[in-house]
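Written below as structure tokens is the structure these notes are about.
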Amino acid sequence: MMQVDTLIAGATLVTMDAQRRVITDGAIAMTGDRIVAVGKRSEIEPQCAARERIDGRRFVATPGFINGHVHLTETLLKGFIPEHLPFDEGLHRWVIPLYQGHTPSEQAIAARLAVLSMLRTGTTTFLEAGTLIAFDAVAEAISDTGMRGRIGRWTMDRAFAPDQDQSALTDAAIAALERDLSAHPDDGRLIAAWPLLVGHNTNTGELWRAASALARDKGVGIAAHMAPAQDDPDWYLASTGKRPVEWLADLGVLGPHLSLVHMVHVDDAEVALLAQSGTNVVHCPAAALKGGYGAGPRGLFPEMADAGVNLLLGTDGADTHDLMRAATTIAGLFKDARRDTALFPAEAALEMLTVNAARAMGLLDSIGSIEPGKKADIVLHDTDRPEWRPLHHPAAQLVWSADGRGVHSVWVDGRRVVDDYRCTTIEEDRLLAEAQVSAEAVVARSGLPRLSAWPVS
Ligand SMILES: [Zn+2]
467 MMQVDTLIAG
477 ATLVTMDAQR
487 RVITDGAIAM
497 TGDRIVAVGK
507 RSEIEPQCAA
517 RERIDGRRFV
527 ATPGFINGHV
537 HLTETLLKGF
547 IPEHLPFDEG
557 LHRWVIPLYQ
567 GHTPSEQAIA
577 ARLAVLSMLR
587 TGTTTFLEAG
597 TLIAFDAVAE
607 AISDTGMRGR
617 IGRWTMDRAF
627 APDQDQSALT
637 DAAIAALERD
647 LSAHPDDGRL
657 IAAWPLLVGH
667 NTNTGELWRA
677 ASALARDKGV
687 GIAAHMAPAQ
697 DDPDWYLAST
707 GKRPVEWLAD
717 LGVLGPHLSL
727 VHMVHVDDAE
737 VALLAQSGTN
747 VVHCPAAALK
757 GGYGAGPRGL
767 FPEMADAGVN
777 LLLGTDGADT
787 HDLMRAATTI
797 AGLFKDARRD
807 TALFPAEAAL
817 EMLTVNAARA
827 MGLLDSIGSI
837 EPGKKADIVL
847 HDTDRPEWRP
857 LHHPAAQLVW
867 SADGRGVHSV
877 WVDGRRVVDD
887 YRCTTIEEDR
897 LLAEAQVSAE
907 AVVARSGLPR
917 LSAWPVS
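Using my numbering, the letters of the sequence shown map in sequence onto residues 467 to 923.
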């Protein structure tokens, strides 16, 4: 008999293992932070003496989902920024000033709210967007949530004003990245710092090379925003004579350690460079739809998938951090745009949330699937809900019927962080109240109007 901590018995397992097995009446045994046995209940249960046995018959179990791009500290802006604004006006008049107007404690509350939103909807690991301003306050605030994540300081260095000293800006950015990676090393702890860049046109080639070298030296990843709109290729073509991915290729920074985010406005040559280099691409479907990026008509994501580019998904900004909704969108976006129902089946969408994202984060050996030896990052989806009945095809229904609101329980690193729809590591009622008060303070301080198409009394 094998002594184990927890046995989940009788669940339907969507394992995401190499064979992509779906196991009905399955069992998962966990000990410490690891999965130790996976299979049919009839085979696993007789071998295990479990300290805790969970009746899994009402659940579909998946690996914890992995959010490839999330702004932890934008959550207090949810619902406030009007959706009709042109991209530049939205960014420069609203998003950035509001964002920079948060105090450190408000950023900490925003980040905890983002973590709560992710855990409660089945995301166990995230790659932050490299846009933390109060970096240390946020790192501290999320350290006890039990979530796994990689975070980065707000990092831009390009001197746009003539009186700015370019080399001083670049040196300061590199020094900050080095300091963060030393203070929060990726040494097995749940929350670690990575050299994550704001990207677009805000980072010089020198910083790109330094950040990439730092990432390779420390064995971590790097990420940056690129080409959500036509502005980025236009700027790079005018300034360098090259498209963004060509420019990055010439710098020597493409590779499996790099994740480029958005990547809607790329051309065929750039897709080929991404594929050859093993560079990961993070698509944020909700941001693309709401921002009118043109992902459906213009995006080459099906071509990237065909070329072997590793694709994953992110939730990006404030509206929702339910990654299952992103899976639904990617599964439908190109079927509609190309009138081709074969594009991005539900299974492909689930791979983006799990194994593809684990690979992009350099964590495929430890997360992304339910397999013995991997970290115990497990999600139980409650099928005793209208959207889950009848249950015919777990993978299809995870993407097309369910969403994160059906997540009943979550383990990260073997620790149960959601139990019966409640987060065990965050005092939810208190955090929600703090978030409302803080958000109102941020908005009031900004002086920006509360716009509504309808009269509000
Ligand atoms: Zn972003």
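C-beta atoms are modelled at their ideal positions from N, C-alpha and C, and glycine is treated no differently.
CB-CB under 7 Å to residue i, same chain, minus the five flanking residues each way: which ones, in chain order?
i    : result
T849 : R524, F525, V526, R855, L857
P548 : L917
A605 : I617, H650, I657
S912 : P563, L564, G567
D623 : L635, T636, A639, N669, T670, L673
G758 : none
A803 : G762, P763
R881 : G612
Q905 : Note that residue 905 is Ala in the sequence shown here, rather than Gln. Result list for A905: L542, in chain order.
E594 : V536, L538, G615, R616, I617, G618, L662
In angstroms, rounded to a whole number, what distance separates the CA positions of residue i and residue j?
i    : j    : result
N533 : A814 : 15 Å
D608 : V884 : Checking the displayed sequence, the identity of residue 608 turns out to be Ile instead of Asp. Those two C-alpha atoms are separated by around 15 Å.
A658 : S923 : 45 Å
T528 : L479 : 6 Å
N776 : A910 : 42 Å
D602 : L551 : 32 Å
W660 : I688 : 6 Å
E853 : Q632 : 55 Å
L543 : A784 : 6 Å
R614 : P921 : 42 Å
A495 : L635 : 51 Å
T539 : A477 : 35 Å
R487 : Q630 : 57 Å
C889 : A899 : 15 Å
D806 : F800 : 7 Å
A574 : D652 : 21 Å
L766 : A516 : 48 Å
L914 : H558 : 13 Å
P838 : M482 : 12 Å
V561 : Q696 : 19 Å
D886 : G612 : 17 Å
E736 : E712 : 7 Å
F553 : W701 : 15 Å
W877 : I892 : 14 Å
A808 : P768 : 10 Å
A738 : N746 : 12 Å
A610 : A576 : Note on residue identity: the sequence assigns Asp, not Ala, to residue 610. Roughly 15 Å separates the two Cα atoms.
L816 : I833 : 14 Å
A642 : V686 : 16 Å
M770 : T820 : 18 Å
Q513 : D879 : 23 Å
Of the residues the options, which one's Cα is nearest the Cα of residue i?
i    : options                : result
A475 : T481, T497, K506       : K506
L647 : Q632, D637, A677       : A677
L663 : R645, A639, R655       : A639
M468 : T497, L726, T490       : T497
D491 : H537, S508, R791       : S508
V865 : D879, T786, A905, A792 : A792
L473 : A493, W560, P628, L819 : A493
M722 : V903, R882, L829       : Residue identity check: residue 722 is Pro in the sequence provided, not Met. Among V903, R882, L829, the Cα nearest to that of P722 is on L829.
R682 : A641, L724, A642, W701 : L724
L598 : G780, E572, R655       : E572
A600 : S867, E906, W620, V581 : W620
A868 : A771, R881, T781, H847 : H847
T705 : C514, Q742, F626       : Note on identity: in this sequence residue 705 is Ser, with Thr being the wrong assignment. Answer by Cα proximity: F626.
I520 : Q513, D471, V536, A484 : D471
A919 : H535, F546, G522       : F546
G774 : T781, T786, G685, L740 : L740
G556 : K756, L582, L703       : K756
Can you give me the Cβ contacts of residue i inside the same chain, cut-off strictly under 8 Å, excluding the 5 residues immediately before and after it?
i    : result
D698 : H666, N667, M692, P710, H731
D716 : K708
R675 : L717, G718, V719
I489 : T478, L479, T481, V504, G505, K506
Counting only the same chain and skipping the five closest in sequence on each side, list residues whose C-beta sits under 6 Å from that of residue i.
i    : result
T589 : F531, N533, L789
D851 : Looking at the sequence provided, one finds Arg at residue 851 rather than Asp. Result list for R851: G872, in chain order.
T587 : D788, G870, V873
A907 : none
R825 : N776
E518 : T472
V581 : I608, T611, M613
Got a sec: is the Cβ-Cβ distance from residue i to anything in chain C below 8 Å?
i    : result
A516 : Looking for chain C here will not work: only one protein chain is present.
Is the stretch 832-844 close to the stretch 495-504, with three or more CB pairs under 8 Å? yes
So does the stretch 737-751 actually touch the stretch 789-801, counting three or more Cβ pairs closer than 8 Å? yes
Secondary structure, alpha helix (DSSP H): runs of 4+ residues fully inside the stretch 814-841: 821-826
Unbroken stretches of the beta strand (DSSP E), 3 residues or longer, contained in the stretch 476-563: 488-497, 500-506, 514-521, 525-529, 531-536
Identify every run of the beta strand (DSSP E) within the stretch 756-822, keeping only runs that are complete inside it and at least 3 residues long; order them along the chain. 777-779
3 or more residues per run - each beta strand (DSSP E) lying fully within the stretch 834-898: 844-848, 873-878, 881-885
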